[in-house]
Amino acid sequence: MDSYDAPESTPRQCASSGLKDYFIGATPLQKRLESVRKQTSFIPTPPRRKIPQCSQLQEDVDPQKFAFLLHKQWTLYSLTPLYKFSYTNFKEYSKLLNAFIAAEKQKGLAVEVGDDFNIKVIFSTLLGMKGTQRDPEAFLVQILSKSQLPSEHREGKVLWTGWFCCIFGDSLLETVSEDFTCLPLFLANGAETNTAIIGTWFQKTFDCYFRPLAINAFNLSWMAAMWTACKMDHYMATTEFLWSVPCSPQSLDISYAIHPEDAKALWDSVHKTPGEVTQEEVDLFMDCLYSHFHRHFKIHLSATRLVRVSTSVASAHTDGKIKILCHKYLIGVLAYLTELAIFQIE
Amino acid sequence: MRREPAGDVVRRTILKIPLTEMMTILKTWNFLSENQLQTVNFRQRKESLVQDLVLLCEENRASLNDAALLDIIYTQFHRHQKVWDVFQMSKGPGEDTDLFDMEQFKSSFKKILKRALKNVTVSFRDAEENAVWIRIAWGTQYRKPNQYKPAYVVYYSQTPYAFTSSSQLKSNLPLLGQALTIASKHHQIVKMDLRSRYLDSLKAIVFKQYNQIFETHNSTTPLQERSLGLDINMDSRIIHENKTEKERVQRVTQEIFGDYPQPRLEFAQYKLETKFKSDLNGGILAEREEPLRCLVKFSSPHLLEALKSLAPAGIADAPLSPLLTCIPNKGMNYFKIRDK
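Protein chains in written order, with our numbering: chain A, 37 to 382; chain B, 6 to 345.
Written out as structure tokens, the structure reads:
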């Protein structure tokens with residue numbers, strides 16, 4: 037079931053189609069941007085997205101299983117499809133990656149505290165981390181420090197975690213052949229040096245390409261609106277925005293936090309279409325925040341750069357960093373990020 | 006062998022001092038003689054240098070008070086490492102303005118703290134403008150003073166103002182306030198909504214000295230037509246209006262902020278509880294009685310200079326909101342704003 041209400045979209049036939057087909061088959065996001073660029077109303081109806089429903093995880097998966105993914109800061113990357121990747125070869129991959137890391141560290145390329153500890157690489161599947169049945173299984177790579185004591189075979193501390201997933205990735209899945217596995221969204225937590233080494237190995241082994249996934253102000257606004265729209269039983273964090281003002285010679289940061297209940301009230305007053313978020317509503321929501329601010333400070337926030345948004349559902353930074361706080365909407369958040377990743381790949 | 010607190014404080018403080026400042030600070034401290042300093046090799050590795058200096062201090066039998074003095078001097082050189090709060094005291098109605106006696110103040114201040122806590126180290130260092138720097142290491146009835154988390158107070162005796170470094174041990178704050186108030190023969194003490202790392206800027210704001218600095222400056226460059234490029238040949242009326250507006254913005258900004266360098270603050274914080282009102286988005290939250298609860302924080306390496314540049318950059322209207330421009334005048338950078 038497609039999560040977008042975009043009746044005009046037709047599945048992409050094949051990657052080698054002409055430029056015309058590219059836009060006809062584009063995602064709502066692309067269509068919207070394209071129409072903005074062309075100053076045409078290509079889409080008769082305003083673009084929209086479904087508000088994340090709670091717990092779109094499959095029924096038989098324990099949500100606690102993904103608890104370790106929450107409350108951590110993840111750095112985002114887009115990843116092109118992996119060539120000849122197999123879920124049955126995890127043991128082999130673990131060994132190869134382990135050897136590769138050891139070799140790289142011996143070369144002295146990665147200098148880090150704790151390098152003399154033994155490390156262990158583990159590949160594992162993240163069952164249930166998907167939007168539709170068509171989405172490939174998500175998987176996880178972890179680097180653990182091996183316990184120094186030979187008598188203990190306990191798992192050591194997790195030094196680095198990276199996971200690959202695809203949530204509602206239909207538009208990409210339809211374009212690739214069977215040899216490819218599409219997991220366009222990659223999230224990493226841990227030292228940069230480890231991310232670089234592991235990225236290199238994947239690129240060499242599966243002929244794929246990682247690119248840091250930045251999130252621009254446009255998408256940050258969408259995220260803020262969508263996450264504010266999510267129904268919450270109780271709020272554990274305030275709703276906060278951070279703008280960076282391009283004045284010189286001194287930089288200026290403006291942080292604007294609003295009580296989550298008040299943000300929700302504002303959103304409810306703006307919101308018209310049940311179950312969906314439209315561009316108009318996002319713009320109006322942000323406009324209201326801007327005008328409330330302007331009334332007090334006479335500053336035009338719209339002339340500054342939105343850098344970070346934070347809600348009880350999740351927080352996102354323009355540098356491509358995300359922290360998910362609520363397991364109920366985990367899939368919803370990942371769906372949006374997958375869309376951004378796919379857009380960057382194409 | 007039990008390490009004496011004095012030696013420990015000396016060693017830890019000297020370790021903090023950057024090599025480039027070492028000589029200056031030691032000379033200011035004036036505890037080691039010229040001859041002694043000459044025997045030390047200041048070019049050696051820092052650890053060895055510190056060892057040599059600590060040995061000399063032990064030779065001179067440095068007391069805890071000597072060590073505390075060194076700590077005060079270090080803090081004076083590195084005042085930006087602390088965040089300073091501002092307190093304002095007031096005299097009761099009809100109270101005499103006695104002539105201030107610094108020695109009496111010091112002894113009274115110390116007595117009050119010692120009576121309350123038994124274990125407390127209080128040290129003083131006089132400074133210019135009739136000010137005194139006070140270092141307080143807090144203990145309790147049963148525990149020796151913690152020499153590594155002291156509080157610092159700078160009291161300008163000819164004014165009702167005192168600046169304190171935000172100490173982690175907040176529970177001692179009421180006692181500190183009490184001691185200051187009584188010893189300086191005031192009646193009441195109030196914490197101002199003003200906080201910054203830049204002690205000198207706080208001084209300038211609170212003593213209203215910031216607008217007395219007249220530096221020779223380049224008058225604001227008259228707007229160059231050439232920056233508008235080819236437009237000159239087009240509709241000249243448009244350019245003229247723009248130029249007028251730009252000049253107006255410059256003038257208004259100048260009037261508000263003045264010609265002088267702004268006192269340095271790093272942030273301003275506003276707690277807003279105001280109703281949502283918007284002409285453009287009529288109807289939004291129209292029925293809602295409750296205000297929007299917001300917390301706005303402006304941060305910058307030099308906040309007032311950054312705010313000053315907003316209107317000329319087109320990011321803000323001119324005049325800028327009085328909520329922002331009143332900061333130096335009101336001596337506040339924490340605000341609670343409610344609908345009237």
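For glycine and all other residues, C-beta sits at the position ideal for the given N, C-alpha and C.
When DSSP states are grouped into helix, strand and coil, Asn65(B) belongs to the coil group. Look at Arg331(A): its C-beta is under 9 Å from a C-beta on chain B. With contacts defined as CB atoms closer than 9 Å, Trp196(A) and Asn154(A) fail to qualify as a contacting pair.
Between Ser280(A) and Arg341(A), the beta carbon gap of about 5 Å places them in contact (Cβ cut-off 8 Å). Spatial neighbours of Lys32(B) in its own chain (CB-CB distance under 8 Å, excluding positions within 5 residues in sequence) are listed in chain order as Leu42.
Identification of chain A residues near Cys299(B) by a Cβ-Cβ cut-off of 7 Å yields Tyr292, Ala293, Ile294, ordered along the chain. Of all residues in the segment 306-336 of chain A, the ones placed with a Cβ closer than 7 Å to any Cβ belonging to chain B are Val306, Leu320, Asp323, Cys324, Ser327, His328, Arg331, His332, Phe333, Lys334, Ile335, His336, in chain order.
A direct Cα-to-Cα measurement between Lys193(A) and Thr347(A) gives close to 30 Å. At a C-beta separation below 8 Å, Ile289(B) has these neighbours in chain A: Leu302, Ser305, Val306, Leu320, Cys324. The alpha helix (DSSP H) runs of length 4 or more contained entirely in the segment 14-50 of chain B are, from start to end of the chain, 27-34, 39-43. The continuous beta strand (DSSP E) containing Leu112(A) extends over residues 109-115. Among the residues facing chain B, Ser181(A) is not included, as its CB has no counterpart in that chain under 9 Å away.
Inter-residue distance for Leu199(B) and Phe340(B) is about 9 Å (C-alpha atoms, whole angstroms). Residue Leu223(A) holds the alpha-carbon nearest to the alpha-carbon of Lys359(A) among Lys182(A), Leu162(A), Leu223(A), Asn134(A).
Chain B has no Cβ within less than 9 Å of the Cβ of Pro220(A). Fully enclosed beta strand (DSSP E) runs of no fewer than 3 residues occupy 89-95, 125-132, 136-143 of the segment 86-155 of chain B, in order along the chain. In this structure, the beta-carbon distance from Ile117(B) to Ala184(B) falls below 9 Å. By DSSP's assignment, Ala352(A) forms a beta bridge with Val345(A), Ile358(A). Contact annotation for Phe303(B) against chain A: Leu288, Ile290 [CB-CB distance below 7 Å, chain order].
Annotated three-state conformation of Pro10(B) is helix, per DSSP. Residue pairing by DSSP places Phe246(A) opposite Leu115(A) in a beta bridge. With 16 or more other CB atoms across the displayed protein chains lying within 10 angstroms of its CB, Phe216(A) is buried. Closer than 8 Å at the C-beta level to chain A, one finds no residue of the segment 130-153 of chain B. Only buried fits Asn225(A), as 16 or more other CB atoms lie within 10 angstroms of its CB. Closer than 9 Å to the CB of Pro282(A) there is at least one CB belonging to chain B. Val195(B) counts as exposed, since fewer than 16 other beta carbons sit within 10 angstroms of its beta carbon. Close partners of Glu310(B) in chain A (Cβ separation under 8 Å): Pro285, Gln286. With 16 or more neighbouring CB atoms inside 10 Å of its own CB, Ala293(A) falls in the buried class.
Leu223(A) is bridged by DSSP to Leu112(A), Trp199(A). Under the three-state reduction of DSSP output, Ala232(A) falls in the helix class. In the displayed model, Ile320(B) falls within coil according to three-state DSSP, outside both helix and strand.
Contact annotation: in the segment 335-361 of chain A, residues whose CB is within less than 8 Å of a CB in chain B are Ile335, His336, Ala339, Thr340. Proximity of chain A to Ser201(B) at the Cβ level (cut-off 8 Å) is not reached, the minimal Cβ distance being about 15 Å.
Scanning chain A for C-beta atoms nearer than 8 Å to the C-beta of Phe281(B) yields Leu302, Cys324, His328, reported in chain order.
Less than 9 Å divides the Cβ of Ala174(A) from the Cβ of Phe200(A).
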